[in-house]
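Whatever position you read off the sequence shown (first residue = 1), add 64 for the working numbering.
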Amino acid sequence: MNEKINNVKAQTERLTAFEQWTKKAVWPAYLGCFWAVMYAVFVRFYQAAGGTIGLPGQFEDPKAMYMASYLAGVLIMTCGFILIALVRPWGRVVPAWVPFIGGKNIHRLIILIPTLSCTAYLLAHGISGIITKALLLADVITIQFTGWISLDVHSLALWSLLFYEPWFVIMGILSGLTASHYAQASGISLSAFRRGLAIYFMFVFLLTMFCVFYIIFKLS
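Dropping the structure here:
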């Protein structure tokens with residue numbers, strides 16, 4: 065018994081501060097859900113209803129943009145609630161009422177792959193957006209915005225730099241922290257977690273750089 069306790073203690077001591085923190089912290093999931101719902105309701109659904117704050121221009125096809133904004137809001141809200149499932153016990157087991165597979169454990173990759181994919185998209189979108197909008201405002205580059213009849217480019221760039229893109233970055237961080245907690249809580253080995261984390265950081269960095277160069281060379 066004492067030997068088992070010592071082994072657990074030794075393993076805990078080997079964890080870095082980040083690993084210890086994310087293994088215990090569940091609040092990023094709840095904050096991420098709140099962050100997603102607020103954005104979906106007060107930004108996407110507001111704009112889908114015809115709201116113009118944050119949209120300094122006139123769309124070529126307003127109805128299509130309203131529908132796209134509504135669908136984006138539904139998707140964002142759904143993703144927010146999924147984060148809650150990652151930190152709750154019922155999010156790791158197939159509901160009993162599902163035929164044939166009810167009550168079985170959900171393989172962690174089924175949860176981690178889409179969660180990490182969305183996290184990478186959020187971070188790459190936000191960081192590349194901040195970089196390119198800052199360059200645009202500094203008159204280093206130009207960006208062609210499609211889908212608009214008229215547009216105040218400077219105003220839209222400011223909205224993106226100070227509001228839209230930071231939301232993506234913060235949402236990506238909260239989603240990533242939640243995924244980190246889930247990975248450790250689901251029993252992944254420490255070596256696999258660290259190796260996967262290093263690979264993932266490199267992937268996000270490369271994806272972000274790709275987005276930056278794509279925007280600069282393809283949309284300018």
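Backbone N, C-alpha and C fix where the C-beta goes; we use that ideal spot for every residue, glycine too.
For clarity, every value in this text was computed on a predicted model and none was experimentally measured.
Where residue i sits in the DSSP three-state scheme
i	result
S253	coil
F164	coil
G236	helix
G190	helix
A113	coil
L79	coil
A74	Unreliable placement is indicated for A74, whose pLDDT of 48 sits below 50; no coordinate value is reported for it.
Beta-bridge pairing of residue i - partner residues as DSSP gives them
i	result
G121	L215
V157	N169
Enclosing alpha helix (DSSP H) for residue i [first to last residue]
i	result
F98	W91 to Y103
I205	Per DSSP, I205 belongs to no alpha helix (DSSP H) and is neither H nor E.
G137	P126 to V151
Where residue i falls, given that 16 or more other Cβ within 10 Å makes a residue buried
i	result
K168	exposed
V268	buried
M266	exposed
T206	exposed
S181	exposed
S253	exposed
G166	exposed
H245	buried
### Message
Check whether the region 226–245 and the region 185–194 are in contact - that is, three or more C-beta pairs closer than 8 Å.
### Response
At 8 Å Cβ cutoff, the stretches touch.
Quick test of the definition: if touching needs 3 or more C-beta pairs under 8 Å, does the region 122–134 touch the region 76–93? Because the criterion of three Cβ pairs below 8 Å is not met, the region 122–134 and the region 76–93 do not touch.
Are the region 195–207 and the region 151–169 in contact at 8 Å, needing three or more beta carbon pairs?
No, the region 195–207 is not in contact with the region 151–169.
Is there contact here, the region 88–107 with the region 236–244, by at least three beta-carbon pairs under 8 Å? Contact between the region 88–107 and the region 236–244 is present: three or more C-beta pairs spanning the two stretches fall below 8 Å.
For the 8 Å Cβ check, are there 3 or more pairs between the region 139–151 and the region 206–226?
-> Contact between the region 139–151 and the region 206–226 is absent: fewer than three C-beta pairs spanning the two stretches fall below 8 Å.
- prompt: Between the region 100–119 and the region 129–145, are three or more C-beta pairs nearer than 8 Å?
  reply: By the Cβ rule, the region 100–119 counts as touching the region 129–145, because three or more pairs are nearer than 8 Å.
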